[in-house]
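**Q**
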Amino acid sequence: MDTRKEKFPYGIPGHNLSEIEREIPIEEPPVWPINDKLKIIGKRVTRIDALDKVIGKAKYTSDIKLPGMLYAKFLRSNVPHAVITSIDISKAKSLTGVHAIHLIENTQKEGEENKNGKYPIVKYVGQPLGGIAAESLEIAKDAIALIKVNYEKKSFVIDIDTAMEIGAPIVFDEPITQQQDGGDVGETHDGSKGKGNVRGPSTSSFFGGPRGDLVKGFEEADVVVERTYRTQVHTHMPLETHGVVVDWNSDVMMVYASTQNTNAVRNEMASIFNLPKSKVRVFCDFMGGGFGAKHSSGSFGPMAANLAKKTGRPIWLMLDRQEEHLSEGNRPNSIQYLKIGAKKNGTLTGIQQRSHGTAGVALGAGVGRIAQILYTCPNFATEQYDVLTNAGPGAAWRAPGNVQGAFGLEQAIDELAEKLNMDPLTYRDKIDKSEVRKVERRRGAKLFDWSRRQPAGSGKGVVKKGLGVGQSTWPRFVTLDSSVEVKIHNDGGVEIRSSVQDIGTGTKTILAQVVAEELGLEVKDITVNIGDTFFPVGPGSGGSVVTGSITPPARNATYEAKKALLKLVAKKWETDSSELFIENGQIGSKKDASLKMPFKGATKLMRTSQISKIASRSDDYGGFQQPWGLAYGDLGSVQFAEVSVNTDTGFVKVDKIVAVHSCGRPLNIGQLESQINGGVIQGVSYALYENRVMDNGTGHMMNANVDQYKVPFSMEIPEIETLVVEEYSALSSTDAYGIGEPANIATAAAIANAVYNAIGVRLYEIPITPASILKALGKVS
Amino acid sequence: MNKFSWYEAKSVEDALQQVNSTVSEQLYKHTDKASIFKSGGVDVFDWVKEGLLKPQKIINIRNIPGLDKIDYDRKKGMSIGSNVTLAEIASNPEIKTNYLALHQAVNHAATPQLRNMSTLGGNIAQRNRCWYFRSGDHDCFRKEGDRCFARHSETGENENHAIIDNGSCVSVHASSISTALMAFNASVVILNSEGEKKKVAMDDFFVTAAKDIAMENILQAKEIITEIILPAPSKNTKSAYIKQVARESYDWSLGDVAVVLEVSGNATCRSASIVLGAAAPVPYRSMEAQQALENKTINSENALAAAEAAMTIARPLAKNGYKVPLFVATIKQAILEIS
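Below you can see the structure in the form of structure tokens.
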């Protein structure tokens, strides 16, 4: 491979910015300077689709209306554990307006008797059993109510503590495996180990397994913190529910999906219906939120396609809010035992972690890698167990595992700091080797005015103020299978295409920025056509991978297209294309200032209608930590929380959050702030409000709505100040990464530490409610 | 939601001719030919959308002329028509001046959007928010079932539920405005299809679960609320209202308190009206707190004593013990806001 050497900016401006020489593939574009010297990158560029979203012109999946379309509704179980003996659809079938009924049945191998029965065993309330397509949603709902399912009920278990007891009803009596979806991002789970409801343990991650000697580590410790933390089940609550519109009237199956991963949905549908990938086309133009739960075609994709096949008509199948809560994912709960030892000088000597969590009928309740990697400690071991229960399946949820893990770890570190008589920030300076988090701590402490923090519980009066801090790390994941096509049309138009979808964070806008910066044009000059699997495959919107995976090929493809265009101009000017550049929409020459041609004029020199270049994500300059795309560095953050706790009523109000983050080269400050705000708000909600309430007697979720499932509204949202620290690592042609997951990791831990600082009593469980505060203060008998 | 016919009532008499049932009757025992009232529609349509209420006919009483007036007379007091919206009450200056606790209660009810839709009559007649009562999969006492799921000592999810009078149904009444109305000794004026009008004190308007499990108030099928009347305050009347909620933006009460006191010059409480919301299945007048405060100086010590007296009869369930200290703090604070 031909390479060349170039000097790249390296480090953190205002702290340690320097240069580093990298050997890069010859075809890659020249280095970008730091953002200060760029025109569009790193600026507050308004979302290119902001107006369409605000005026309602943006079409989301549920807005798709096709000629002849039918509406579908799921039949779902209303018991938590049962064998289905029969399903009577006769009444539903004869209802006027009903076109098709599709029941989910066990697949039967030819010549074999179906030992599992005709229908899958019901394992939770809300499990999909079948679906109906009708002329209206109302008719479909009425028809569902006419179906009679006969159950042979089995004993069930809902809460994690009971499920772990000997003699508890067994949810699965066999080893289970679970296909990882793109949202898992390396979350550990192992359903083949263990028996009964407790599966695992997972003891390693891609950062390795246990290290050192814990016994020795704790022997060396002068101070030990040993605690058990508990977190709740948290559902995703995207404003747009899961769902699809499937049109299968032509040779190609068209799937309009509310998805974080058009490519995964395409691949799943092709596999399920035994179609070549070229015969499935998945679209996602606008996304109403996913938070990790929308990486798959779920059961709604195949259901809609089956109904489309049966009726020969397009099928609209969007879930309602209750279905969304019951069956479309949640952040598993956790019971985390943590033991951390340190020497008098603060040096960590041992971290031991053991966790249990339930993802209902699914796996994936680990608590992430944060205890393994955030701080330097020679001796470490973790055991992470999945506990199966008769409840809806968990799914990846914005930084899977790590949000739970941070809640435990960052409180334990806080407690350790206090035992060591050290300020929590000073202590982290000692044990955290990350340079960027050091800068984040300093800049954040100044913005937040950390120096006003008082000893825990020292405030006077009924309402006590508290300040706390929490940190996070998140790996820089890169999806190598990320490609874009850049087209320069002969009318001067520029287009970028990829199957990558904009989950709502502004992917379309950053792509336009990258292309515009490279071409010396304006953002408005670029057309972004993404979210369509007929275009080159892009990454799924999970793991904060999108920016780091798709912007380098976007820039590289643009650079290739630019070179091709400049060659045509060079030919006309009888000069060398390497001397030409594009700035402010004009092509110029470094050697002869009199040579000028508008970009649009240059495109008229093209022999064909377009110049088209496809580029894919190349390896990081200097390689990866792991060859599959684990980049060097991390996406660290430090968040500060200020709370007020009413010690008479137990109410906690988060007054302020200062969130200091890094994501390599920031591409669009406004969009990053917006994403951090979202992560913080969800973190506040996780700490204080949201909680799936299950009735253990009947197996039903009692608050499967937006009334009693408490997401925060305007008055619950604190003042949020964000600070994005630029950090250059010279790893790709954009050197940019995402920020989705890290924005959500540290908030709950920072709030819990602030609550402790306010009242002098530590809460080991979230959500923190008036009931838990009053109990902690000894006011409830 | 089932299909139903719609009737636009032109007068109260017209409406009373059309109606044949109530939401409560229908929730307890469904019939096929129910004609029910709807005013703001906020609560009624919640039930219809959940499929728990399937009326054949909905009679819209929202546009009946004459039920949307607010009248204040210094001697007679305040009359609020049953179709007056919460938003209109919230912005009425005479209510703010003379019935501060009511003003505060209305301003803390629901959201601005819902206050624009909700009417006072509908608000006091709405059904409770117990999640078992509102679930189609749980046939509880109030839906002709054989148990109270919330009350179950091991599996009941009862953190929002009653700590007083929780012997059968443990739900709490959803109208936090009623807490304030009862503290002001308001009355409900009810007209029936025979043309008879009766004036019922708020204390008698609500029906305890022990008395009739199907009902939360005395309204019968052929009756309609026309107005709510509040007696005129004296120059010594002072009031305060506090509602505790998980979310300030919008939430159901975890515990709310309305205090209306007659205060003499030296900050002595001459008479006290203290009502607790979200404590019992209906708004609960705390005789214990009232007696403890009467003829006492309003100060921190006496306020606390009254608050604690109110809670002597509390019998919390497995998950709502926190409501006791919450009420103690809230009652005390409400009393002290008056001093």
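Chains as they are written, first to last, in the numbering used here: chain A, 1 to 781; chain B, 782 to 1120. Backbone N, C-alpha and C define an ideal beta-carbon position, used for all residues, glycine too. From a predicted model like this one, the values you see are computed outputs, not experimental measurements.
Just to check my reading of the structure: Y71 (chain A) and S136 (chain A) have Cβ atoms closer than 8 Å, yes? What is that Cβ distance to the nearest angstrom?
**A** Indeed they touch by this definition, with Cβ atoms about 6 Å apart.
**Q** When the Cα atoms are used, what is the spatial distance from R230 (chain A) to N904 (chain B)?
**A** Each residue's alpha carbon lies about 39 Å from the other.
**Q** Between Y686 (chain A) and chain B, is any beta-carbon pair separated by less than 9 Å?
**A** Chain B, which has no Cβ nearer than 9 Å to the Cβ of Y686 (chain A), makes this no.
**Q** At the level of alpha carbons, what is the spacing between G778 (chain A) and S959 (chain B)?
**A** Their backbone Cα atoms lie some 32 Å apart in a straight line.
**Q** Using DSSP with H/G/I as helix, E/B as strand and the rest coil, what is Y737 (chain A)?
**A** Y737 (chain A) falls in the coil class under three-state DSSP.
**Q** Have a look at I1006 (chain B) and K73 (chain A) and give me their C-alpha separation to the nearest angstrom.
**A** Distance between the alpha carbons of I1006 (chain B) and K73 (chain A): 40 Å.
**Q** Here's the rule I'm using: 16 or more other beta-carbon atoms within 10 Å means buried, otherwise exposed. How should E219 (chain A) be labelled?
**A** Exposed is the call here.
**Q** Pick from B:K830, B:A982, B:A815, B:M1068: whose alpha carbon is nearest that of K1003 (chain B)?
**A** Selected option, being the one with the closest Cα: B:A815.
**Q** So which residues of chain B does H356 (chain A) contact, with C-beta pairs closer than 8 Å?
**A** Per Cβ cutoff of 8 Å: no residues; H356 (chain A) is ~21 Å from chain B at best.
**Q** Please name the residue in A:A561, A:E410, A:A257, A:D142 whose C-alpha comes closest to that of K339 (chain A).
**A** Per the Cα distances, A:E410.
**Q** Whose CA, out of B:W828, B:E789, B:L901, lies closest to the CA of E1008 (chain B)?
**A** Among B:W828, B:E789, B:L901, the Cα nearest to that of E1008 (chain B) belongs to B:L901.
**Q** Going by DSSP, what residue range makes up the beta strand (DSSP E) through W1033 (chain B)?
**A** It is not in any beta strand (DSSP E) - W1033 (chain B) carries neither H nor E in the DSSP assignment.
**Q** Report the residue from A:H356, A:L239, A:D525, A:L275 whose alpha carbon sits nearest the alpha carbon of I503 (chain A).
**A** Minimum Cα distance to I503 (chain A) is reached at A:L239.
**Q** What does I840 (chain B) pair with, by DSSP beta-bridge criteria?
**A** For I840 (chain B), which the question treats as bridged, DSSP gives the partners B:Y788, B:F818.
**Q** If the cut is a Cβ gap below 7 Å, which residues of chain A does H933 (chain B) touch?
**A** Correct list: G697.
**Q** What distance in whole Å lies between the Cβ atoms of G346 (chain A) and M422 (chain A), which are believed to be in contact at a cut-off of 8 Å?
**A** Confirmed, about 6 Å.
**Q** List the whole-angstrom C-beta distance separating A943 (chain B) from S952 (chain B), where the pair is believed to meet the contact cut-off of C-beta under 8 Å.
**A** Confirmed, about 7 Å.
**Q** Which chain B residues are close to P712 (chain A), counting only those with a beta carbon under 7 Å from its beta carbon?
**A** R1028, listed in chain order.
**Q** Look at N947 (chain B) and R1051 (chain B) and say whether their C-beta atoms are less than 9 Å apart.
**A** Not closer than 9 Å, so no.
**Q** Three or more C-beta pairs closer than 8 Å, one from the region 201-209 of chain A and one from the region 322-329 of chain A: is that the case here?
**A** Flag = no, the region 201-209 of chain A and the region 322-329 of chain A do not touch.
**Q** Output, in sequence order along the chain, the residues in the region 1090-1110 of chain B whose CB is closer than 9 Å to any CB in chain A.
**A** So the list reads P1097, K1100, N1101, G1102, Y1103, K1104, V1105, P1106, L1107, V1109, A1110, given in the order they occur along the chain.
**Q** List the whole-angstrom C-beta distance separating Q501 (chain A) from C284 (chain A), where the pair is believed to meet the contact cut-off of C-beta under 8 Å.
**A** Their Cβ separation, rounded to whole angstroms, is 4 Å, which keeps Q501 (chain A) and C284 (chain A) in contact under 8 Å.
**Q** Taking the runs of the beta strand (DSSP E) that are 3 residues or longer, which of them lie wholly in the region 289-370 of chain A?
**A** Taking only runs of at least 3 residues, the beta strand (DSSP E) segments lying wholly in the region 289-370 of chain A are 315-318, 334-342, 348-357.
**Q** In this structure, how does DSSP classify N757 (chain A) when only helix, strand and coil are distinguished?
**A** Helix at N757 (chain A).
**Q** Could you pull out every residue in the same chain whose Cβ sits closer than 6 Å to the Cβ of T507 (chain A), ignoring the five residues on either side in sequence?
**A** Hits under 6 Å: V546.
**Q** Which of the residues in the region 930-964 of chain B, read from start to end, lie with their CB under 8 Å from any CB of chain A?
**A** Residues F930, H933, E935, T936, G937, E938, E940.
**Q** Whole angstroms are fine: how far does the CA of Y151 (chain A) sit from the CA of L808 (chain B)?
**A** Roughly 26 Å between the two C-alpha positions.
**Q** When you compare each of B:K1104, B:G1046, B:I1023 to N1076 (chain B) by their alpha carbons, which one comes out closest?
**A** Checking every option, the nearest Cα to that of N1076 (chain B) belongs to B:G1046.
**Q** Shorter than 9 Å from the beta carbon of Q232 (chain A) to some beta carbon of chain B?
**A** Answer no: the Cβ-Cβ gap between Q232 (chain A) and chain B never drops below 9 Å.
**Q** Got a sec? Which residues, its chain only, sit under 8 Å from L797 (chain B) by beta carbon, not counting five neighbours each side?
**A** These residues qualify, in order along the chain: L972, N973, S974, K1003, E1004, I1005.
**Q** Are the CB atoms of A143 (chain A) and G97 (chain A) nearer to each other than 9 Å?
**A** Cβ distance < 9 Å, so A143 (chain A) and G97 (chain A) count as in contact.
**Q** Could you list which residues in chain A have their beta carbon closer than 7 Å to that of S1034 (chain B), in chain order?
**A** The premise fails here: S1034 (chain B) is roughly 12 Å from chain A at the closest Cβ pair, so nothing lies under 7 Å.
**Q** Cβ atoms of S732 (chain A) and D634 (chain A): under 9 Å apart, would you say?
**A** No; because the gap between Cβ atoms is not below 9 Å, this pair is not in contact.
**Q** Grab the span of the beta strand (DSSP E) containing E152 (chain A) for me, first residue to last.
**A** It spans 148-153 - the beta strand (DSSP E) in which E152 (chain A) sits, taken as one unbroken run.
**Q** Give the interface partners of Y689 (chain A) over in chain B, defined as CB-CB distance under 8 Å, in chain order.
**A** What Y689 (chain A) touches in chain B: A1027, R1028.
**Q** Counting only C-beta atoms, is Y788 (chain B) closer than 9 Å to chain A at any point?
**A** Not one chain A Cβ lies under 9 Å of Y788 (chain B).
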